[in-house]
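Undergrad:
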Amino acid sequence: MSLSQEAASWFSPPAVQLSPSPQPGEKAPACPELPLPVNNNNRPTIISFLRHCGCPVAEATFLELRTAAKNHPEINFVAVSHSDQPSTERWLESIGGNTESGSNPVTVIVDADRKIYAQWGLGVTSWSHVLSPF
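Residues in the sequence shown are numbered from 1 upward in steps of one, following the UniProt record's numbering.
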């Protein structure tokens, strides 16, 4: 990411209409962009919603997902990015891709419009939330 892209990532993206967040025991929201079950294989699925490509927390989360996918081939692992497709592809390449040595890959879904985020009740956080030490 360029310096200007990094700086721009601190600005809030446009608001989207949020659905209620799914609650424990409820069926997870599915849509054409994120069909569930993933790959129609009926395996359990872990989904991580990333902040943006280049975010150190998103990178650490993704690397942990990739390691977990290697160690647990019986589980689907999905990362949802709200960066655009070219940025997501460059970022994936810079961190070594979506799989470790041909193991169970992490499925990466680009959701630049944040439609999937909204279906899961995930909006935008405030500056105070991002910078809070608590």
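All C-beta atoms, glycine included, are put in the ideal place defined by N, C-alpha and C.
Since the model is a prediction, treat every value here as computed from it, not as a measurement.
Rounded to whole angstroms, what is the Cα-Cα separation between residue 19 and residue 118?
TA: When rounded, the distance between both Cα atoms is 6 Å.
Undergrad: Among 78, 60, 57, which residue has its Cα nearest to the Cα of residue 43?
TA: Out of 78, 60, 57, 78 has the C-alpha closest to the C-alpha of residue 43.
Undergrad: With H, G and I counted as helix, E and B as strand and the rest as coil, what does DSSP make of residue 79?
TA: Residue state, collapsed to three classes: strand.
Undergrad: Let me know the alpha helix (DSSP H) ranges lying completely inside the stretch 28-109, each 4 residues or longer, listed in chain order.
TA: Qualifying alpha helix (DSSP H) stretches, in chain order: 56-71, 85-94.
Undergrad: Please report the residue range of the alpha helix (DSSP H) in which residue 119 lies.
TA: From DSSP, the alpha helix (DSSP H) with residue 119 extends over 115-119.
Undergrad: Short check: CB of residue 80 to CB of residue 113, under 8 Å?
TA: It is not a contact, given that the beta carbons lie outside the stated cut-off.
Undergrad: Helix, strand or coil, according to DSSP, for residue 21 in the structure here?
TA: Looking at residue 21 - three-state DSSP - the assignment turns out to be coil, as it is neither helix nor strand.
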